[in-house]
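Here's the structure, in structure tokens; my notes come after.
Spelled out as structure tokens, the structure:
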């Protein structure tokens, strides 16, 4: 929609981001509180690579808070080795709700509006999550997951009654044992 692409909306999002994250470790070094416009952001904040962010992400993996974003980050998704090493991607409840689940709900309602005879809620759904991964900085903490596992474990309550097998079967490392 047009309202999501015009500068007014983009600047509102930027202001929200700035207000939420002014006191975080990463953004304090860029005088984040002085940023008022997109041009200010572009002027003060350099482009970053994963290598630039890695020390911050490693701190967050050790449960430090207010590093890249306000508060603690509850989940990390491990990338699939598309580069030389796997990367840890921070995932928040806010990101899940405003992105992944918002799109899923929109898809669901569009599907049901088009298919009034749908039997989607009259059976069970085969859902194979992938796995949990040990946190390299806190081996007894299971907050590093494949993105499918993060999504499924945090999915809306109304989807959980239809899913088979149980999450713990899905989290098993040995795929043949899952079957």
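Residue numbers (this note's numbering): -6 to 172. Glycine is no exception: its CB is placed at the ideal position from the N, C-alpha and C atoms.
- In this structure, the straight-line span from the alpha carbon of residue 161 to that of residue 79 is close to 24 Å.
- With respect to residue 70, residue 139 sits close: the two C-beta atoms are nearer than 8 Å.
- A distance below 7 Å between beta-carbons, with the five flanking residues on each side excluded, links residue 77 to no residue of its chain.
- A Cβ-Cβ separation of about 5 Å places residue 54 in contact with residue 130 under the 8 Å criterion.
- With respect to residue 34, residue 7 sits close: the two C-beta atoms are nearer than 8 Å.
- The Cβ atoms of residue 0 and residue 31 lie closer than 8 Å to each other.
- Burial is judged here by how many other beta carbons sit within 10 angstroms of a residue's own beta carbon; residue 114 has fewer than 16 and is exposed.
- Judged by their CB atoms, residue 128 and residue 137 are nearer to each other than the 8 Å cut-off.
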